[in-house]
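There are 2 protein chains.
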Amino acid sequence: MNAVTLTDIEDLSGSLAQRVYQSLREAILSMAYPPGTILRKGAICEQLGVSRSPVSEAIARLSAEGLVDVIPQSATRVSCFSMDEIREASFLREALELAAVARVAEQRSDEQLTQLTRNLRLQELLVEDRDFAGFYKTDEEFHALLMEFTGFPGASSVASTVSLQLKRARMLLLPEEGRPAEAVKEHKAVLDAIRLSDPVAAQSAMKLHLGRLITQLEPLEGQHPTFFRTR
Amino acid sequence: MNAVTLTDIEDLSGSLAQRVYQSLREAILSMAYPPGTILRKGAICEQLGVSRSPVSEAIARLSAEGLVDVIPQSATRVSCFSMDEIREASFLREALELAAVARVAEQRSDEQLTQLTRNLRLQELLVEDRDFAGFYKTDEEFHALLMEFTGFPGASSVASTVSLQLKRARMLLLPEEGRPAEAVKEHKAVLDAIRLSDPVAAQSAMKLHLGRLITQLEPLEGQHPTFFRTR
DNA sequence: TGTCGTCAACTAACATGTTAGTATTCAGGT
DNA sequence: ACCTGAATACTAACATGTTAGTTGACGACA
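Sequences listed follow chains A and Y, in order.
Each position in the first sequence, counted from 1, maps to that position plus 417 in our numbering.
Each position in the second sequence, counted from 1, maps to that position plus 417 in our numbering.
Okay, here's the thing in structure tokens:
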């Protein structure tokens with residue numbers, strides 16, 4: 418059991434520890450390792466063909482990001498969701514994205530506007546083709562572009578780190594008919610406000626958009642009780 | 418040379434790695450290890466009387482937080498400031514604190530209001546006594562309280578992680594006559610808006626306050642060129 | 001004298017051995 | 001049957017040994 422669910426680290430670049438980290442992270446975010454799964458260092462070492470050092474470092478990082486809980490001298494398991502943490506992540510993400518979108522609306526370049534427009538066009542095409550996986554990826558890229566266009570290179574990674582739990586919880590959402598099309602419309606509203614250099618309008622459009630996600634996420638606790646921390 | 422500038426890990430709690438991390442972090446933030454200082458794992462192990470494992474883990478964390486730069490297979494040094502990074506940290510911090518203060522203004526409890534008021538009173542007393550170190554600490558506590566009172570336990574630590582570079586750069590500021598008294602006034606404006614449950618006023622008061630810090634920090638690049646990354 | 005290539009010394013990165021704390025199991029007693 | 005506690009098996013945490021990449025110094029050559 419527990420066959421090779423980890424992506425081979427040969428395909429990745431960087432230090433061993435870095436590659437192990439990416440492999441584990443991918444497995445956790447994709448729910449290949451569902452919440453509660455116990456991670457055995459020994460098994461991971463064997464599967465990936467590395468020693469315990471890089472695995473330990475990777476797990477330490479995952480622990481810092483809240484993706485795993487390590488119980489001292491005992492075990493380390495994939496962390497369960499908690500609706501409180503999800504709300505917290507949503508709050509933090511909203512704070513960052515609202516600040517970003519306002520800034521971008523104020524001082525975007527034409528080139529940046531073009532890139533965003535192109536991305537949005539792509540979103541429309543993908544939804545039309547009912548390629549939801551592709552849309553999902555392009556959606557994330559849209560938000561990442563906005564963070565990048567603040568001119569602060571680290572902002573994007575902080576935002577994505579802070580919303581890791583959201584990204585993971587989102588995997589539980591069943592593709593809801595018509596939701597992607599709505600999301601595109603909301604993105605469009607954000608982009609229109611940016612085009613008009615109207616930071617306030619951009620913020621409220623973005624706030625509306627982000628509010629939808631947390632609304633979708635709320636009922637999850639009832640639907641997947643086993644994935645949530647019992648209080 | 419390079420005498421015992423590290424606080425003894427005996428005084429701290431938690432795992433060894435945790436204690437080493439705290440000790441190093443303290444040394445870097447207090448500028449006992451100024452930017453550019455080369456960290457030798459061997460020397461640190463000797464000073465603290467531990468092996469390389471916990472030291473490596475600690476350095477990995479510091480690296481993730483941007484406090485040290487690791488040059489693969491070669492060396493690890495305390496990271497230099499860059500004004501771009503400082504501006505980025507300021508942007509991120511502002512995003513988080515504005516969101517927090519608005520939320521607190523909207524849904525604070527009376528107990529929380531009391532705690533903030535007590536803190537502010539203490540600030541006044543410390544400034545009156547010209548106890549600037551004490552004021553500095555209470556100032557940070559004020560901001561930490563606001564993050565805590567959002568009801569999101571992790572928000573406070575995210576905010577402080579994000580603004581680590583600000584905290585460090587602030588150590589370079591010479592105590593400017595009258596600045597603490599002004600800061601107290603600005604805090605007071607924030608608190609007044611919170612008392613009146615006026616999120617918009619609270620945000621603009623906070624924005625004003627945080628803007629002051631970055632203004633003070635800007636000239637630092639010229640005053641301490643050796644601490645800044647050369648571009 | 002200046003430049004290039006080789007070599008030695010040093011460091012982070014990785015592998016592996018050891019310790020100590022935790023949880024489970026199972027025997028013995030009630 | 002159920003509670004209790006000692007012994008055991010397992011894990012993370014820590015220590016130490018090994019590898020490999022980088023840097024800087026030194027010497028041969030132009």
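Where a beta carbon is used, it is the ideal one built from N, C-alpha and C, also for glycine.
Chain Y contact for residue i (CB, 8 angstroms cutoff)
i: residue 478 of chain A; result: yes
i: residue 427 of chain A; result: no
i: residue 622 of chain A; result: no
i: residue 610 of chain A; result: no
i: residue 481 of chain A; result: yes
i: residue 418 of chain A; result: Only weak support exists for where residue 418 of chain A lies, its pLDDT of 41 falling under 50; the value from the coordinates is given anyway. So no, residue 418 of chain A is outside the interface.
i: residue 645 of chain A; result: no
Neighbour flag for residue i against chain A, beta carbons, 8 angstroms
i: residue 618 of chain Y; result: no
i: residue 545 of chain Y; result: no
i: residue 474 of chain Y; result: yes
i: residue 630 of chain Y; result: no
Integer-rounded CB distance, given that residue j should sit under 8 angstroms from residue i
i: residue 516 of chain Y; j: residue 580 of chain Y; result: Contact flag wrong, Cβ pair sits at about 14 angstroms.
i: residue 529 of chain A; j: residue 569 of chain A; result: Contact flag wrong, Cβ pair sits at about 14 angstroms.
i: residue 572 of chain A; j: residue 513 of chain Y; result: Contact doesn't hold; Cβ gap of about 12 angstroms is too wide.
i: residue 604 of chain Y; j: residue 559 of chain Y; result: 6 angstroms
i: residue 637 of chain Y; j: residue 586 of chain Y; result: 6 angstroms
i: residue 563 of chain Y; j: residue 521 of chain Y; result: 6 angstroms
i: residue 629 of chain Y; j: residue 583 of chain Y; result: With a Cβ gap of about 12 angstroms, residue 629 of chain Y and residue 583 of chain Y do not count as contacting.
i: residue 471 of chain Y; j: residue 434 of chain Y; result: 4 angstroms
i: residue 485 of chain A; j: residue 446 of chain A; result: That pair is no contact at about 12 angstroms.
i: residue 487 of chain Y; j: residue 619 of chain Y; result: The pair is not a contact, with the Cβ atoms about 40 angstroms apart (cut-off 8 angstroms).
The ligand ATP heavy atom lying under 7 angstroms from the CB of residue i
i: residue 449 of chain Y; result: Judged by which ligands are present, the structure shown has none, so any question about the ligand ATP falls away.
Query - Near-chain Y residues of the segment 511-530 of chain A - C-beta to any C-beta below 8 angstroms - result: 511, 512, 513, 515, 516, 517 and 520
Query raised in the report: Of the residues that make up the segment 568-596 of chain Y, which ones have a beta carbon closer than 8 angstroms to any beta carbon in chain A?
Result: 569, 570, 571, 572, 575 and 579
Query - chain Y contacts made by the segment 555-569 of chain A, where a contact means CB separation under 9 angstroms - result: 567, 568 and 569
**Report entry** Members of the segment 493-512 of chain A near chain Y, C-beta cut-off 9 angstroms
**Finding:** 501, 502, 504, 505, 506, 508, 509, 511 and 512
Query raised in the report: Where in the segment 443-520 of chain A do unbroken runs of the alpha helix (DSSP H), each at least 4 residues long, occur, reported from the N-terminal end onward?
Result: 458-465 and 469-481
Query - Cβ pair count under 8 angstroms reaching 3, the segment 595-607 of chain A against the segment 539-548 of chain A - result: yes
Query raised in the report: What beta strand (DSSP E) runs, 3 residues minimum, are completely inside the segment 575-607 of chain Y?
Result: none
Report task. Scan the segment 612-644 of chain Y and note each continuous alpha helix (DSSP H) run of 4 residues or more that stays entirely inside, going in chain order. Result -> 616-634 and 637-640
Requested in this report: May I ask you to verify whether the segment 492-511 of chain A touches the segment 441-457 of chain A, counting CB pairs closer than 8 angstroms and requiring at least 3?
Outcome: yes
Requested in this report: Specify whether the segment 476-485 of chain A and the segment 427-444 of chain A touch according to this definition: at least 3 beta carbon pairs, one from each stretch, less than 8 angstroms apart.
Outcome: yes
Query raised in the report: Where are the beta strand (DSSP E) runs, 3 residues long or more, that stay fully inside the segment 518-546 of chain A, in chain order?
Result: none
Report task. Decide if the segment 465-476 of chain Y is in contact with the segment 610-624 of chain Y; the criterion is three or more beta carbon pairs, one per stretch, under 8 angstroms apart. Result -> no
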